[in-house]
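Data first, discussion second: the structure below is written as C-alpha cells.
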Amino acid sequence: MTGLPTGTVTYFFSDIEGSTKLLQRLGRDYRHVLDRHGAIIRSGLTDRGGIELSTEGDSFFGVFVTAPEAVDAAATIQQDLAEADWPDGGAVRVRIGLHTGRAELGGANYVGLDVHRAARIAAAGHGGQVVVSEATRVLAGDHAYLDLGSHRLKDLEQPEHLYQLLIEGLPSAFPPLRAVDAHPNNLPTIATQLLGRQGELAEIRRLLVEHRLVTVVGLGGVGKTRLAIQAAADVLGDFEGGVFLVPLAAVADPSLVVPAIAAELGIDDGTVGSIAEGMGSGRRLLLLDNLEQVIRAAPTIGELLGAVPSITILATSQVPLRITSERVFLLEPLGVGEADNRVSPAAELFAARAAAVDPGFSLEQHADEVARLVAALDGLPLALELAAARVNVLTPGQILERMGAGSDLLVARAADAPQRHRSLQDAIAWSHDLLTTDQREILRALAIFAGGATLGAVEAVTGRDVIDHLAELVDRSLVRSRTGVSSKRFDLLDSLRAFVTDQLEPSEAVELRELHTGYFVRLASSASDQLTGERVAWWLAALGDDHENLQAALGRLLAAGDTDRGFEMLGSTWRYFQGTGRLGEVALWLERFFQLGDHPPPSPALAKALMARGAVAYWRSDFDDAADEYRAAIAVAESVGDPKLRADAYFGLATSLGNRGELEGSQTALDAARRLYEDLGDTSGLAGVAAAEAFYVSYVEGALAAVEPWSRAVAFWEASGQPTLAAQTNLAIAGAAVLDGNYEEAKRIARHSLDLAEQVGDRFVAAWAVEWVATALVAAGELDTGALLAGAAAAARERMGGGWTPLSMDIEDAATRATAAMGAVEAQAAMARGADLTLDQAIEIARGT
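Position in the sequence shown counted from 1, then plus 65, gives you this note's numbering.
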C-alpha cells in the first residue's frame with residue numbers, strides 16, 4: 066500500500082460486539098449480516114476521506130488525515146448501523162475506538178505505539194459506543210462528549226484519558242469500560258516508560274501464570290520495583306479480585322509484614338487467619354515490595370499462601386525467600402554493549418532520562434561517551450538515572466571524568482564488594498557530594514524516619530526551617546514527595562537511605578533517633594485531647610500517615626526500657642488505634658511495656674496507660690478487667706495529684722461497673738467524676754457524665770426512659786464538635802428504638818451514627834453501627850440481610866480486636882436473634898457470607914436497607 070498519510074493521523078478501529086454469539090444465532094444468515102455491516106463501515110470511511118487499511122473477520126482498521134473527519138465518520142457509521150434493517154436476533158452492535166497520533170510507517174502499513182493505543186481504546190468500549198482519546202477530542206472540534214476519566218489499558222504503561230462521543234438519537238448509557246483498571250488495584254501511575262526490560266517483563270508474566278510465588282531478586286538499584294510494578298499492571302486483567310502493592314521498605318519488624326498486607330487489602334486485623342477470612346472471592350495478586358530487611362517473615366508468607374489459595378504473590382527482594390513453592394527470577398543489570406551498532410538498553414535508558422532533564426540532549430552526538438559511562442556504571446538503572454540527572458550542567462564525558470579522575474567514587478570500601486554494588490554506591494556518593502551541608506543534614510534526618518515525614522517533623526528533628534533545601538532535594542529526585550492523607554510527606558529513595566545511614570557517625574545516629582522519638586512522643590501527647598474533638602478526622606488521618614513512625618518510636622522506647630514515655634504515647638493514642646481498627650495492636654504494645662517491670666513508679670503517664678488498658682478491656686466487653694485497670698489508674702492519679710486524670714479514671718470506672726450491673730458503685734464513681742469535672746470547669750467531662758447518667762437511668766428504669774437524656778447528650782456532642790462521642794451515644798438511642806419496636810427509627814438512628822463514624826474515619830464505631838443496623842433488621846423480620854450484616858459486623862469486630870458492647874440493655878445481638886428466628890443452619894450460612902464482606906461493603910449494604 067502506497068501513498069499513506071504521514072505526520073499526525075487519526076487511527077480508526079472497530080469490531081462487532083458478541084460476534085461469536087451472533088454467528089451461532091444466525092447460522093448461514095450471518096454472512097449476509099457481516100456483508101451489510103462491512104458495507105456500512107466502508108461507506109462511512111470513504112465518505113469522510115478515510116482509508117481502509119485492513120480487515121479481519123468483523124474488525125476494521127482505518128486511518129484519517131484529520132480528527133474531525135474520523136469523528137464524523139464514526140458518528141455516521143453508528144447512526145447507519147442503528148437504522149439498518151437487521152434480521153430477527155441479528156442486530157449488530159459495533160464498538161469504535163479513535164486515537165490521534167504519529168504516523169509511523171513500517172513496510173506497507175502503520176506501526177508504533179499509537180496504533181496499539183488506538184486498538185486498545187476500541188477494545189475497551191461496548192457495542193454502539195464510540196470511545197476517543199484526549200488527543201482526538203481536542204483536535205476534533207465541536208462535538209459533544211462524555212468524560213470517562215483516565216483508564217489503564219492492557220499492555221500500555223501510561224493511563225489514557227478517554228471520552229465517549231455523544232451521538233444524537235442514539236443511547237448514551239453504557240457499562241464501565243473494559244479497562245484493566247476495572248479490577249481493584251492500588252498500583253501507582255509511573256511517569257516514565259520502562260526501557261530495556263521487555264524480555265524480562267515477558268518472562269515474569271509467564272512465571273505468574275505457572276507459579277503462585279515469584280520473587281524478583283537482584284542488587285539494590287537494579288530496578289526490581291519498577292519492573293515488578295509494570296509486570297503487575299500488565300497482568301491486572303488476569304486477577305478479577307485485583308492487584309495490590311504492599312510497600313515494605315519502611316517495615317523493620319518481620320511480625321508487621323502480615324499487618325501491612327492486611328492494611329493494603331482493607332482488612333482491619335493483621336493476621337493470616339483474618340486475611341483468609343476477609344479475602345472474599347476472586348484471584349488476587351499481591352506485590353510485596355522490598356522484603357530483604359524482613360526476610361524472617363518468609364515462613365509467614367508461606368503460611369499465607371497455604372491459607373489463601375486464591376492469592377498469587379510477586380515479591381522483590383535482594384535475597385530469595387527460600388520457600389518451597391518459590392520461583393526465583395534473577396534481575397541482572399541492563400546490557401551495556403550491543404552488536405551491529407545497536408543502542409544498548411543501558412544507553413537507551415540513560416538517553417531517555419537525560420532528554421527529560423535537557424530536551425536538547427542527543428544520544429547520537431554523545432554515543433561514545435554514553436557507551437563508556439554506562440559501562441562504568443555497570444548498567445545499574447538507579448546509577449544511570451542519577452548520572453543522567455546531571456546532563457543539564459555536565460556532558461556524559463565530564464560525568465565520567467569526575468567519577469574516574471581525582472575521586473575515590475569508584476573505589477569500594479570493602480575489597481570483596483561486587484563491582485556492580487560499588488558502581489551504585491559511586492553514583493549515589495557522587496550525587497551526595499554535590500549537595501550543600503544543609504541539604505546533607507536534611508537527608509540524614511530523613512533517613513531516620515520510617516514511611517516518610519511531614520515538613521514539620523523534619524524541621525523538628527533538624528531544628529531549622531528546611532523548606533527551601535527540601536524543595537531542592539525534591540527537584541534533584543533525591544527526595545520523593547507525595548501527598549499523604551493529612552499533608553505533604555517526604556521520603557528518600559531506598560538506596561540513598563542506605564547510603565546516608567551508612568554515613569552517620571554512631572553518636573549522630575543516636576542523637577537523631579532520640580530527636581525522632583521525642584517528636585513522636587510530643588505528637589502523641591498533642592493528639593490525646595483531639596481524638597474525640599472536632600478535628601478527630603484530621604488526627605486519625607495524620608497518625609495513620611505516621612503509623613510506622615509511631616511503631617519505630619515505641620520500639621526504641623521499649624528497647625531502652627523507657628516505660629514512662631511509652632506509657633505516655635500509648636495512653637494518649639489508644640483512641641487512634643481503636644478508631645482505625647487496631648485495638649489488638651495497642652493491647653500488644655501495652656502488654657509489652659507493662660512487662661518491663663512489675664511496679665512502675667507512679668506518674669501521669671502510668672495513669673494514662675492504665676486507663677488505656679481499661680479502655681481496651683471495656684471495648685472487648687471484659688468489664689471486670691476494665692474496672693480493675695480504672696481503679697489502679699485512680700490510685701496512681703491520686704498519688705501524683707492530677708485531678709483531671711482522677712476524673713477520667715472515675716468516669717471509666719463508672720461505665721465499667723454499670724455494664725457489670727454494680728449500679729451503686731457505678732453511681733458513686735460517677736458522682737466523684739462529676740465533682741472533679743465541676744472543680745476543673747471541664748464542660749466536655751460534664752457532658753460525658755450527663756450521658757453516663759442517662760445510661761444509669763436505663764439500668765434502673767429501662768432504656769426508653771433514658772432516650773431524652775441521651776438525646777440531650779448527643780445534641781451537646783454534635784454542637785461541641787465531638788462526632789465520635791455523638792455517634793457512640795446515638796447508638797444507645799438506636800437500641801432503645803429496637804426495644805420499643807420502632808425498627809425503622811432504629812435503622813435511621815444507627816445509620817446516622819454510621820455517617821458520623823465515616824466522616825471522621827472511625828472504623829470501630831462504624832462496625833458497631835453496622836451491628837445495630839443488623840439488630841434492627843433481624844428484629845423487623847428482614848432476616849437474610851440482618852444475618853448477613855451480623856456476620857460482617859462480627860468479623861469486623863474480631864479483626865479489630867473488639868467485642869459486642871450492647872450498652873447494658875436487655876437486648877440480644879443480631880446473631881443470637883437471627884439464629885433463633887431462622888434456625889442455626891440457615892443463620893450460620895447467611896452470617897458466613899457476611900463474614901466474607903469487607904467492612905466497606907457491609908457499610909454500603911447497611912446504608913441501603
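Every residue, glycine too, gets a C-beta built ideally from N, C-alpha and C.
Asked, Found
"VAL74 in three-state terms, based on DSSP", "strand"
"Nearest to GLN793 (by Cα), restricted to the options ILE699, SER785, TRP775, GLY72", "TRP775"
"Other residues of its chain near PRO240: CB distance less than 8 Å, five sequence neighbours each side excluded", "HIS191"
"Identity of the residue in GLU743, LEU741, ALA734 nearest GLU758 by Cα", "ALA734"
"Rounded C-alpha distance that separates ARG882 from THR365", "38 Å"
"Test item: CB-CB of GLY330 and ARG349 under 9 Å", "Here the sequence assigns Leu to residue 330, which means Gly is not the residue at that position. Closer than 9 Å, so yes."
"Environment of ILE908 [buried if 16+ CB atoms lie within 10 Å]", "buried"
"Contact between the stretch 856-865 and the stretch 885-903 (3+ Cβ pairs under 8 Å)", "yes"
"Short Cβ contact (9 Å threshold) for GLU391 with THR280", "yes"
"Collapsed DSSP secondary structure at PRO152 in the structure displayed", "coil"
"For LEU399 and PRO665, the rounded distance between their alpha carbons", "58 Å"
"Alpha-carbon to alpha-carbon, LEU428 and GLU434", "9 Å"
"Secondary structure, alpha helix (DSSP H): runs of 4+ residues fully inside the stretch 652-739", "669-684, 688-705, 708-725"
"Where HIS226 sits in the DSSP three-state scheme", "strand"
"Alpha carbon of PHE781 to alpha carbon of ALA752, nearest angstrom", "7 Å"
"Limits of the beta strand (DSSP E) - the one that ALA625 falls within", "Not the beta strand (DSSP E): ALA625 falls in the alpha helix (DSSP H), residues 612-625."
"Classification of GLN643 by the beta-carbon crowding that lies within 10 angstroms, buried from 16 upward", "buried"
"CB contact flag (GLY806, ALA844, <9 Å)", "yes"
"Contacts around GLY826, its chain only, beta-carbon distance under 6 Å, and the 5 residues preceding and following it disregarded", "ALA602, LEU605"
"Length at least 3, wholly inside the stretch 70-152: the beta strand (DSSP E) runs in chain order", "72-81, 116-121, 124-129"
"Best match in GLU613, PHE514, ILE388, PHE129 for proximity to ARG562 [C-alpha to C-alpha]", "PHE514"
"Inter-residue spacing [alpha-carbon to alpha-carbon] between LEU69 and GLY283", "46 Å"
"Min CB distance ALA494 to chain D below 9 Å", "The question asks about chain D, but that chain is absent: this structure has only one protein chain."
"Proximity of LEU796 and TYR761 at Cβ, strictly below 9 Å", "no"
"Through-space distance from VAL130 to GLY286, alpha-carbon basis", "45 Å"
"Option in THR377, ALA341, ARG113 with minimal Cα separation from GLU305", "THR377"
"Rounded C-alpha distance that separates SER339 from ARG277", "20 Å"
"Three-state secondary structure assigned by DSSP to GLY649", "helix"
"Distance between beta carbons of VAL157 and LEU170, contact taken as under 8 Å", "No, LEU170 and VAL157 are not in contact; Cβ-Cβ is about 32 Å, not under 8 Å."
"Closest Cα partner of ALA298 within the set GLN223, SER346, ARG185, ARG262", "GLN223"
"ARG777 beta carbon less than 9 Å from that of ALA755", "yes"
"Whole-angstrom distance between SER320 and PHE658, CA atom to CA atom", "17 Å"
"Straight-line Cα distance separating GLU199 from VAL458", "35 Å"
"Beta-ladder partner(s) of ASN250, from DSSP", "VAL308"
"Span of the beta strand (DSSP E), counted from its first residue to its last, around LYS553", "553-557"
"Under 9 Å between C-beta atoms of GLU243 and GLN295", "For the sequence presented, residue 243 should be read as Arg rather than Glu. No, the Cβ-Cβ distance between ARG243 and GLN295 is not below 9 Å."
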